[in-house]
Structure formats: structure tokens, C-alpha cells
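Contents: one structure, followed by commentary.
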Amino acid sequence: MIDFNHVTLEYPVTRTLALEDLTMQVARGEFIYLVGHSGAGKSSFMNLVLKRALPTRGEVRIAGEPLSRYRGRRTPLLRRRIGTVFQDNLLLHHLNAYDNVAFSLRVIGVPQREWPQRVTTALRTVGLEHKKQALPLQLSLGEQQRVAIARAIVSNPPLLLADEPTGNLDHENSREVLKILQNVNLRGTTVVVATHARELVETFRHRTLTLRKGRLVRDDPDGGYSL
Ligand SMILES: Nc1ncnc2c1ncn2[C@@H]1O[C@H](COP(=O)(O)OP(=O)(O)OP(=O)(O)O)[C@@H](O)[C@H]1O
Ligand SMILES: [Mg+2]
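Take the sequence shown: its letter number 177 is residue 176 in numbering that gives the first Met the number 0, and every next letter is one higher.
Structure below.
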């Protein structure tokens, strides 16, 4: 699903070397963690997958297709196939939970008659069917993050990227979010989670890639956290 072939990313202007000669693959249906200290390159990895940054050297392929082929108007097509969940979930504050999730479907042009069933299913997946009408401010942070997950999965993306999805959450909510991401994965979505949350990585074990200063220093098929 994700294929990095000797990828180096040096950000223009600042010339920061964010990733260096990274070669790795993530198979369809995998669940992986990306761990590493602050500045190790985790978000840069996500930026490359989403084509928000371009490799300085090397090639990134998603589902077999080189990202260099997604030019101009095709770039949104790539992003449509990738669900994203970030630390600050940026829900639209004037829309309730239902409408925040439905918004994803509107953006990608799904016919309105399909919305109720799809939004309801996504909200059910994250355990928030009963909070459909609530505005983000009427939800706890954990609930808001679950709405953000529903928004990311309602389009049934083959790939889900989660960058510090539990960064603002307490222990219980973090575990809840992790369980939801695992369930999404069990239904066939490939999931990549960048995280600092050692306890989660050790509890819910999955293949774990460790970055250090932009280099891949560990690829542990059985997981575990060692920085
Ligand atoms: N847009 C950017 N322009 C220039 N340099 C950047 C940019 N984004 C990140 N960097 C630099 O690239 C390096 C890798 O940053 P990145 O955000 O990928 O780290 P990270 O592993 O996600 O860290 P954190 O755990 O703090 O989120 C850092 O040195 C950072 O300062
Ligand atoms: Mg980051």
C-alpha cells in the first residue's frame, strides 16, 4: 500500500534534512506504528504520503502508483483515498457531529441520499450515534477525536493516517481511540499511527517502525517501544 524507495526529504528554504534514505513498505491491511523522538520525521512521512511535501530524492508509491503521477488536478484524488486523523482534529465548530461527518461525503461528491446511512454507520463505529446532534463544543475532547475518526473513515478510504491521534487525550480515551483504529483496520483499512504514547504501543502491539533523526533505525514486526 505504501512503498518508500530510498526517500530523502530535505525541506526547501530551511534545508532541514527530515528523512534520509528511507526504504520501507507497508502492505495492504497492515497496522503499523511510527515512533521516534520529536523531530525524528514522523509527520514528514505523513506529508510525503499526502503529497504535501515532495521527496528530494527517491520515490514514494501508494497502491503501486508513483506519487509523481498525481499532478495538478489529480492530487485531490490521492487525498480522497487517504483518511487523516490529527492531534488537533479541527472539526467545523458550527456543524454538529452528523454534519461534520457528512461534510466529507459532500466534498467527494457522494449523493446526498447515501449520507444518512453512511454517516450513521461511521458514528456507530466510533460509539457516538447518540451524539449526532451535538456541536463540537458540546463534546469532550475524546468524543471530538472520535467524530474526527468517523469523518476520516466515512469515505471508506483504503488507507488511514493518524498523526498523534491521542496527543490531547487521557489514558482511557487514548485506549478507546486505539481500539477504534484497530477495528477500522480489521475491516480492511491499512492504518499508520504516529505516536509518542509508549503505553499504547506496548499494550496494543503491532509492527513498529522507529525513526531517529530522519533515519529508520528499527522495524520490529512484533512491536514494542524502544527509543
Ligand atoms: N514544513 C517544514 N519546513 C521545514 N522544516 C520542517 C517542516 N516540518 C518539519 N520540519 C523539520 O523536519 C524535521 C522533522 O520534523 P517532523 O515534523 O517530521 O517530526 P516529528 O517526528 O513529527 O516530530 P513530533 O513528534 O514533534 O511531531 C524537524 O527537524 C522539523 O523541524
Ligand atoms: Mg509530528
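Here a beta-carbon is modelled for each residue, glycine too, at the ideal position from N, C-alpha and C. Here the structure is a predicted model, which is why all the values come from computation and not from measurement.
In the DSSP assignment, Q143 falls within the alpha helix (DSSP H) that extends over 140-152. With a cut-off of 8 Å on Cβ pairs, the stretch 126-143 is in contact with the stretch 88-108, counting three or more such pairs. The continuous stretches of alpha helix (DSSP H) do not include T55, and DSSP gives it neither H nor E. The beta-bridge partner set that DSSP reports for G82 consists of L159. Distances between the C-beta of A193 and the heavy atoms of ligand 2 include at least one below 7 Å. Residues of the same chain with a CB within less than 6 Å of the CB of P164, apart from the 5 flanking positions on each side, are V84, V176 in chain order. In the structure shown, the three-state DSSP call for I31 is strand. Around the beta carbon of A26, a 10 Å sphere encloses fewer than 16 other beta carbons of the protein chains shown; the residue is thus reported as exposed. Within 7 Å of the C-beta of A17 there is at least one heavy atom belonging to ligand 1.
For S37, the shortest separation between its Cβ and any heavy atom of ligand 1 lies below 7 Å. Look at T188 here: in three-state DSSP terms it is coil, with no helix or strand label.
In terms of Cα proximity to I31, the closest of G223, L168, T207, S103 is T207. Counting C-beta pairs closer than 8 Å gives fewer than three between the stretch 12-23 and the stretch 169-187, which falls short of the contact rule.
Among the bridge pairs identified by DSSP, F44 is matched with none. Residue side-chain check: S42 places its Cβ nearer than 7 Å to a non-hydrogen atom of ligand 1. K41 and A193 have their C-alpha atoms spaced approximately 6 Å apart. For T120, the enclosing alpha helix (DSSP H) starts and ends at 114-124.
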